[in-house]
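*Asks:* Residue numbers (numbering that gives the first Met the number 0), protein chains in the order written: chain A, 0 to 101; chain B, 0 to 101; chain C, 0 to 460; chain D, 0 to 460. Please read through the structure below; I'll follow up with questions.
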Amino acid sequence: MNELIEFISENLQITYILILATFVGIEVIKSIPAVLHTPLMSGANALSGVVIVGAILVMLNANPEDYVSLALGFVAVVLGIINVVGGFAVTNRMLQMFKKKK
Amino acid sequence: MNELIEFISENLQITYILILATFVGIEVIKSIPAVLHTPLMSGANALSGVVIVGAILVMLNANPEDYVSLALGFVAVVLGIINVVGGFAVTNRMLQMFKKKK
Amino acid sequence: MDILLSIIYLVATVTFIVGLKLLGHPETAKKGNITAALGMGLAIFGAIFLSKENVPNIIYILIALALVVGGVIGWLIAIKVEMTKMPELVSLFNGFGGASAALIGLVEFGNINAASEATIVATIISGVVIGAITFSGSLVAWGKLNGSLKSVVKLPQYNLINNLFIIGIIAFASYLVIQGTGNPLVAYALLALGLVYGVLFVLPIGGADMPVVISLLNSLTGIAAAITGVLYDNMVMLVGGILVGSAGIILTVAMCKAMNRTLGSVIFGNFGGAAVADGVNKTLGTITNTTPSDSAIMMNYATNVIIVPGYGLAVAQAQHVIHELEELLTEKGVNVKYAIHPVAGRMPGHMNVLLAESNVDYSLLVEMDDINPQFNNADVVLVVGANDVVNPAAHNDPASPIYGMPILDVENAKHIIVNKRSMNAGYAGIENELFYNSKTSMLFGDAKAALTELVSELKGM
Amino acid sequence: MDILLSIIYLVATVTFIVGLKLLGHPETAKKGNITAALGMGLAIFGAIFLSKENVPNIIYILIALALVVGGVIGWLIAIKVEMTKMPELVSLFNGFGGASAALIGLVEFGNINAASEATIVATIISGVVIGAITFSGSLVAWGKLNGSLKSVVKLPQYNLINNLFIIGIIAFASYLVIQGTGNPLVAYALLALGLVYGVLFVLPIGGADMPVVISLLNSLTGIAAAITGVLYDNMVMLVGGILVGSAGIILTVAMCKAMNRTLGSVIFGNFGGAAVADGVNKTLGTITNTTPSDSAIMMNYATNVIIVPGYGLAVAQAQHVIHELEELLTEKGVNVKYAIHPVAGRMPGHMNVLLAESNVDYSLLVEMDDINPQFNNADVVLVVGANDVVNPAAHNDPASPIYGMPILDVENAKHIIVNKRSMNAGYAGIENELFYNSKTSMLFGDAKAALTELVSELKGM
Ligand SMILES: NC(=O)c1ccc[n+]([C@@H]2O[C@H](COP(=O)([O-])OP(=O)(O)OC[C@H]3O[C@@H](n4cnc5c(N)ncnc54)[C@H](OP(=O)(O)O)[C@@H]3O)[C@@H](O)[C@H]2O)c1
Ligand SMILES: NC(=O)c1ccc[n+]([C@@H]2O[C@H](COP(=O)([O-])OP(=O)(O)OC[C@H]3O[C@@H](n4cnc5c(N)ncnc54)[C@H](OP(=O)(O)O)[C@@H]3O)[C@@H](O)[C@H]2O)c1
Numbered sequence: 000m001n002e003l004i005e006f007i008s009e010n011l012q013i014t015y016i017l018i019l020a021t022f023v024g025i026e027v028i029k030s031i032p033a034v035l036h037t038p039l040m041s042g043a044n045a046l047s048g049v050v051i052v053g054a055i056l057v058m059l060n061a062n063p064e065d066y067v068s069l070a071l072g073f074v075a076v077v078l079g080i081i082n083v084v085g086g087f088a089v090t091n092r093m094l095q096m097f098k099k100k101k
Numbered sequence: 000m001n002e003l004i005e006f007i008s009e010n011l012q013i014t015y016i017l018i019l020a021t022f023v024g025i026e027v028i029k030s031i032p033a034v035l036h037t038p039l040m041s042g043a044n045a046l047s048g049v050v051i052v053g054a055i056l057v058m059l060n061a062n063p064e065d066y067v068s069l070a071l072g073f074v075a076v077v078l079g080i081i082n083v084v085g086g087f088a089v090t091n092r093m094l095q096m097f098k099k100k101k
Numbered sequence: 000m001d002i003l004l005s006i007i008y009l010v011a012t013v014t015f016i017v018g019l020k021l022l023g024h025p026e027t028a029k030k031g032n033i034t035a036a037l038g039m040g041l042a043i044f045g046a047i048f049l050s051k052e053n054v055p056n057i058i059y060i061l062i063a064l065a066l067v068v069g070g071v072i073g074w075l076i077a078i079k080v081e082m083t084k085m086p087e088l089v090s091l092f093n094g095f096g097g098a099s100a101a102l103i104g105l106v107e108f109g110n111i112n113a114a115s116e117a118t119i120v121a122t123i124i125s126g127v128v129i130g131a132i133t134f135s136g137s138l139v140a141w142g143k144l145n146g147s148l149k150s151v152v153k154l155p156q157y158n159l160i161n162n163l164f165i166i167g168i169i170a171f172a173s174y175l176v177i178q179g180t181g182n183p184l185v186a187y188a189l190l191a192l193g194l195v196y197g198v199l200f201v202l203p204i205g206g207a208d209m210p211v212v213i214s215l216l217n218s219l220t221g222i223a224a225a226i227t228g229v230l231y232d233n234m235v236m237l238v239g240g241i242l243v244g245s246a247g248i249i250l251t252v253a254m255c256k257a258m259n260r261t262l263g264s265v266i267f268g269n270f271g272g273a274a275v276a277d278g279v280n281k282t283l284g285t286i287t288n289t290t291p292s293d294s295a296i297m298m299n300y301a302t303n304v305i306i307v308p309g310y311g312l313a314v315a316q317a318q319h320v321i322h323e324l325e326e327l328l329t330e331k332g333v334n335v336k337y338a339i340h341p342v343a344g345r346m347p348g349h350m351n352v353l354l355a356e357s358n359v360d361y362s363l364l365v366e367m368d369d370i371n372p373q374f375n376n377a378d379v380v381l382v383v384g385a386n387d388v389v390n391p392a393a394h395n396d397p398a399s400p401i402y403g404m405p406i407l408d409v410e411n412a413k414h415i416i417v418n419k420r421s422m423n424a425g426y427a428g429i430e431n432e433l434f435y436n437s438k439t440s441m442l443f444g445d446a447k448a449a450l451t452e453l454v455s456e457l458k459g460m
Numbered sequence: 000m001d002i003l004l005s006i007i008y009l010v011a012t013v014t015f016i017v018g019l020k021l022l023g024h025p026e027t028a029k030k031g032n033i034t035a036a037l038g039m040g041l042a043i044f045g046a047i048f049l050s051k052e053n054v055p056n057i058i059y060i061l062i063a064l065a066l067v068v069g070g071v072i073g074w075l076i077a078i079k080v081e082m083t084k085m086p087e088l089v090s091l092f093n094g095f096g097g098a099s100a101a102l103i104g105l106v107e108f109g110n111i112n113a114a115s116e117a118t119i120v121a122t123i124i125s126g127v128v129i130g131a132i133t134f135s136g137s138l139v140a141w142g143k144l145n146g147s148l149k150s151v152v153k154l155p156q157y158n159l160i161n162n163l164f165i166i167g168i169i170a171f172a173s174y175l176v177i178q179g180t181g182n183p184l185v186a187y188a189l190l191a192l193g194l195v196y197g198v199l200f201v202l203p204i205g206g207a208d209m210p211v212v213i214s215l216l217n218s219l220t221g222i223a224a225a226i227t228g229v230l231y232d233n234m235v236m237l238v239g240g241i242l243v244g245s246a247g248i249i250l251t252v253a254m255c256k257a258m259n260r261t262l263g264s265v266i267f268g269n270f271g272g273a274a275v276a277d278g279v280n281k282t283l284g285t286i287t288n289t290t291p292s293d294s295a296i297m298m299n300y301a302t303n304v305i306i307v308p309g310y311g312l313a314v315a316q317a318q319h320v321i322h323e324l325e326e327l328l329t330e331k332g333v334n335v336k337y338a339i340h341p342v343a344g345r346m347p348g349h350m351n352v353l354l355a356e357s358n359v360d361y362s363l364l365v366e367m368d369d370i371n372p373q374f375n376n377a378d379v380v381l382v383v384g385a386n387d388v389v390n391p392a393a394h395n396d397p398a399s400p401i402y403g404m405p406i407l408d409v410e411n412a413k414h415i416i417v418n419k420r421s422m423n424a425g426y427a428g429i430e431n432e433l434f435y436n437s438k439t440s441m442l443f444g445d446a447k448a449a450l451t452e453l454v455s456e457l458k459g460m
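Here's what the structure looks like:
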């Protein structure tokens, strides 16, 4: 509890950002039709690949001699970009299935 | 334009808060039934009375000898609290009209 | 900054968001209002007691006095006013909020000095101007709605003048931000300019469009509050203000959409208020008159009757008589319902509020989408003081200004009785083919008078 | 921090929000996906070129290599895989995202020293643990869905064990945050614990519940990304992660609701997967058998036929035959539609995706709420491999686990033909009264085989 209060007082604006972003996430998703659940899940999954930005930062900050960090960072970037590229591509394919044919 | 960029760079987190709050406002309101437009307008009006917090700060910071500031602050608090109290009370009365009778 | 105060503001902000969310659903709306009100109380409490230490007691006393005076005034107005006067009341309150923001700006203007940052100067100046605009604009809207400001005053070329005026204000304000200023008189000049612009902005807009204007001004007050929040680095004002600002804009657009108008056409005036009847010369056929006693007979022998209330019902204050009529018919075994069009009357929910005042059972009020399929089975539809919301031109005349607006499909009923005082047009200022329909009979007269007669005829049967 | 980079991140964040919004509407969903993808590309680009100066070239080369390798792999998997294998693919990708977060945590763990703030240590540790849980959990879910991990392994008292396990991890992590640590091995221990918990968490959950679990794990990955964002004070990761986190939770709950379950019953296992048929001993009456040729005759002379596809259609891969059947009937002047239940199959939209694969016209797929009133006019309803979604117990047996779930009202049709292989239960593991209805005839057999026969009979008429 004390830690939480400390965090809030030190990162007041971040706290607001967290709360507001949570509301945005909730409001944006609620009341969407069930058929879109799967593409939406897939799209959200692609978005969670944003963690790749962290992996890139790890590599940029790594000492070129520190092979362990470099290797871990490399793998992290590979996995992250698979998540991003694969995620968006799969979502796109799914959504293609939903479009009206003429 | 330059001022805008400067503001963003100096108040990065505030910028995020502004944008996220705008989205929350939009998402929360859209797709509400027309009958609720008037009570909602009234409720939002009461909320805009939050400006009274500023009026209170003016009074707290005023020098007790500075009659002009004190008077302006006093009027600002009076007007602000009318907006707040009146706004919530009117909204409440309106909503009472909507409740199902048994 | 005091951590407790920060948390209080945080909690208040969350109650605002949750409150607005709850306000958006009929079942939870009351709870939402109370939630937001509690949060506001918390924020005010925190601001008074936790913002600053060592404040002289006299200041606390003054604040308390101001709160009590204003609180009592606000409360009394709110509970005393008639239900049908609520829109103008919202406008009045909103004006007060704007005035408060402007006054804060005035005081802070006095603290500007050469060392002040440009951002600070900009927030103060925009606070004064926006506050002043919302204040005078809201007062004009209030006057129009309560009837003290009847006419639509349109200067020649008013759109051009207004636009030049606001550009002038912006230019002047930008100059002040860049050059800096020490002269306190400038603040009063800004205030005056804002006040004048507010009047110029609202004056040319028709009275019936006032709900939209009020919603827009309300959004502006929110922005003024947010600006003040930036000035004091105060999160609850900042986030709360932005919320009201963005929600207000969306609400304004939604209101326009429900009336089948664009925001532009409301502000720059297409037909609101002073519009002239369109196509009055077209021959639409002949009309059939009816009398209260004939109408009473028709309704007495009907199985299903649907009542369509409109603006005229509110004007005539006939909500009690219509309730009596409905009860009488129900006693006689007739199935009676009210068809509620979303923009019947002059504010959204106007009919709900009006009929609730005379204690009509809420479950008899049926929304447009639900009642429309039921007109097929209706023997008699009684249209009381409604016009545009039953105008078939919305369906079949692409040239009509209301084309595309969803309407109540009264034409599908077996018989239609229309009560109004004359053949005059309604809000949109256009002819209504429905009155010339062979199934329609016109029952001319003031709604209250005509319905009272109808009721006494029915009682005698 | 570089202002350009800040603005890039800001823009990317906005594209994420707008993209998610657009994804929520069928017409704009594709645009939403592309919007978010562009924003992501922008963020990645900015992170590489604007975060840091004077980075040795070798590092840029390595990053480029990693991006190309991973990008090509991701792209190839995504476009090669069959449509019906998509849910497990999402799970796999999600696992990779989690692994990425865990690896970042591992590296940063090495930089912890005595001077590190508790907040930093806490974010690193939770990044490792949450990332590991999502990684192993997603892999197990993937294995279950693609069939390599068939059985539901339930340790005795698995709920208790899992809860104790996670509490243990939290306690250990809190200890580390408070006491600090220098030993890098501890990071690997945390990683291992997270991996084990992920397996324990997903293993007892039935295969059919995997879409819900994947959505939950997806939400967790978002939270891991947000935590990493706090660590690097990086707004796009922070806001993007939180968005995915909260949207994912809401989506998970929505999925459960569409199946008439609670999140708790999915995780702690009520009937998913290994459930035993309920009330099998009840005598429900007798069933009527039919043959492909009789069914063909019936449908040939019908005016309106509604096809209800279910999970069995996907299992039998009969989407092409059913399309052939539908075309054949249409040629013969029969009016054919598909009734799409929102949770037919094993993932939301499963039937849409399946039927789209065989090029069924999208406009023939009618959603539950729209088709339900049309069953009255249907001469024949052909139920193919569907069970729970047409089980009347949802309406009339309050004791049934699916009671209250909205279903397709096939009972209202004149005749019902049900194709399945046996009298076995579906996902919910319960009997279905519909099969004993006097209007129902059972066409036993694998969907593909039975429909192929049906088609050839029809061709001969
Ligand atoms: N609800 C909102 O939020 C809102 C806001 C702004 C504008 N509007 C607009 O207002 C219109 C509402 O439609 P509506 O059908 O309710 O009203 P309307 O179209 O304005 O018609 C009202 C009719 O009532 C009659 N009337 C007036 N006083 C009367 C009295 N004392 N007794 C009997 N009849 C009387 C008038 O005809 P006589 O003069 O011949 O009696 C008039 O034709 C729509 O065009 C809507 O877009 C609505
Ligand atoms: N869509 C989702 O998101 C989702 C996710 C998880 C769970 N669920 C749940 O899954 C269920 C879906 O309902 P449903 O009606 O589609 O399916 P179901 O209730 O699971 O029934 C499928 C039926 O298909 C038959 N079948 C299996 N293989 C077949 C084959 N090769 N040929 C012909 N028939 C075959 C089975 O009977 P035989 O063995 O006798 O052939 C079974 O009774 C719901 O309970 C839903 O809550 C849905």
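We put the CB at the ideal spot given by N, CA and C, even for glycine.
1. For a test of your reading of the model: does the CB of S90 (chain D) fall under 7 Å from any non-hydrogen atom of ligand 3? Yes or no.
2. Around the C-beta of D408 (chain D), are 16 or more other C-beta atoms found within 10 angstroms, so that it is buried, or is it exposed?
3. From the DSSP output, which residues share a beta bridge with V380 (chain D)?
4. By the 8 Å beta-carbon criterion, what residues does the region 12 to 25 of chain A contribute toward chain B?
5. Determine which residues of the region 69 to 92 of chain B have a Cβ less than 9 Å from any Cβ of chain C, and write them out in chain order.
6. According to the Cβ coordinates, are G311 (chain C) and K419 (chain C) closer than 8 Å?
7. Going by the C-beta, is G311 (chain C) closer than 7 Å to any heavy atom of ligand 1?
8. Which residue marks the beginning of the beta strand (DSSP E) containing I339 (chain D), and which one marks its end?
9. In the DSSP output, what is N288 (chain D) paired with across the bridge?
10. Alpha carbon to alpha carbon, how far is H36 (chain A) from A295 (chain D)?
11. How long is the line joining the alpha carbons of M93 (chain B) and G167 (chain C), rounded to whole angstroms?
12. How far does the beta strand (DSSP E) with L364 (chain C) in it extend, from its first residue to its last?
13. Quick one, which of D:I103, D:I169, D:M85 and D:A28 has its alpha-carbon nearest P210 (chain D)'s?
14. Between which two residues does the alpha helix (DSSP H) containing Y157 (chain D) stretch?
15. How do the region 131 to 150 of chain C and the region 177 to 197 of chain C stand: do at least 3 beta-carbon pairs fall below 8 Å, yes or no?
16. Does the separation of the CB atoms of P347 (chain D) and M404 (chain D) fall below 8 Å?
17. Start and end of the alpha helix (DSSP H) containing F44 (chain D)?
18. Within the same chain, show all residues whose beta-carbon is closer than 7 Å to that of L453 (chain C), passing over the 5 residues directly before and after it, in chain order.
19. Report the rounded CA-to-CA distance for F6 (chain B) versus I177 (chain D), giving the unit in angstroms.
20. Closest Cβ-Cβ distance between L94 (chain B) and chain C: below 8 Å?
21. Mark M441 (chain C) as exposed unless 16 or more other C-beta atoms lie within 10 angstroms of its C-beta, in which case mark it buried.
22. Taking the alpha helix (DSSP H) that L144 (chain D) falls in, what are its first and last residues?
*Replies:* A quick look at the data gives this:
1. Ligand 3 is not among the ligands present in this structure, which contains only ligand 1 and ligand 2.
2. As a working mapping, residue 408 (chain D) is identified with position 409 in the fourth sequence. When all chains shown are included, D408 (chain D) counts as buried.
3. The residue given as residue 380 (chain D) occupies position 381 in the fourth sequence. Partner(s): D:I305 and D:I415.
4. Q12, I13, Y15, I16, L19, A20, F22 and V23
5. L69, L71, G72, F73, V74, A75, V76, V77, L78, G79, I80, I81, N82, V83, V84, G85, G86, F87, A88, V89, T90, N91 and R92
6. As a position in the third sequence, residue 311 (chain C) is number 312, starting the count at 1. As a position in the third sequence, residue 419 (chain C) is number 420, starting the count at 1. Yes, Cβ-Cβ distance for G311 (chain C) and K419 (chain C) is below 8 Å.
7. Taking the first residue of the third sequence as 1, we reach residue 311 (chain C) at position 312. Under cutoff, so the answer is yes.
8. As a working mapping, residue 339 (chain D) is identified with position 340 in the fourth sequence. Run containing I339 (chain D): N334 to I339, per the beta strand (DSSP E) assignment.
9. For the purposes of this step, residue 288 (chain D) is taken as residue 289 along the fourth sequence, with counting starting at 1. Bridge partners of N288 (chain D): D:M441.
10. One-based indexing of the first sequence puts residue 36 (chain A) at position 37. One-based indexing of the fourth sequence puts residue 295 (chain D) at position 296. Approximately 36 Å between the Cα atoms of the pair.
11. Here residue 93 (chain B) is taken as the residue at index 94 of the second sequence, counted from 1. Here residue 167 (chain C) is taken as the residue at index 168 of the third sequence, counted from 1. Whole-angstrom Cα-Cα distance: 40 Å.
12. As a working mapping, residue 364 (chain C) is identified with position 365 in the third sequence. Where L364 (chain C) is concerned, the enclosing beta strand (DSSP E) stretches over L364 to E366.
13. In the fourth sequence, the residue the question calls residue 210 (chain D) occupies position 211. Considering only alpha carbons, the answer is D:M85.
14. Within the fourth sequence, numbered from 1, the residue matching residue 157 (chain D) stands at position 158. Y157 to Q178 is the span of the alpha helix (DSSP H), which, as asked, contains Y157 (chain D).
15. yes
16. For the purposes of this step, residue 347 (chain D) is identified with residue 348 of the fourth sequence, where counting begins at 1. For the purposes of this step, residue 404 (chain D) is identified with residue 405 of the fourth sequence, where counting begins at 1. It is not a contact, given that the beta carbons lie outside the stated cut-off.
17. Indexing the fourth sequence from 1 puts residue 44 (chain D) at position 45. From DSSP, the alpha helix (DSSP H) with F44 (chain D) extends over A28 to L49.
18. Against the third sequence, residue 453 (chain C) aligns to sequence position 454. Same-chain partners within the cutoff: P291, S294, A295 and L324.
19. Within the second sequence, the letter at position 7 stands for residue 6 (chain B). Within the fourth sequence, the letter at position 178 stands for residue 177 (chain D). Their backbone Cα atoms lie some 38 Å apart in a straight line.
20. By 1-based counting over the second sequence, the position of residue 94 (chain B) is 95. Yes, L94 (chain B) lies at the interface with chain C (some Cβ there is under 8 Å from its Cβ).
21. Taking the third sequence and counting its residues from 1, one reaches residue 441 (chain C) at position 442. That one is buried.
22. Along the fourth sequence, read from residue 1 onward, the residue named residue 144 (chain D) stands at position 145. L144 (chain D) -> alpha helix (DSSP H) spans A117 to N145.
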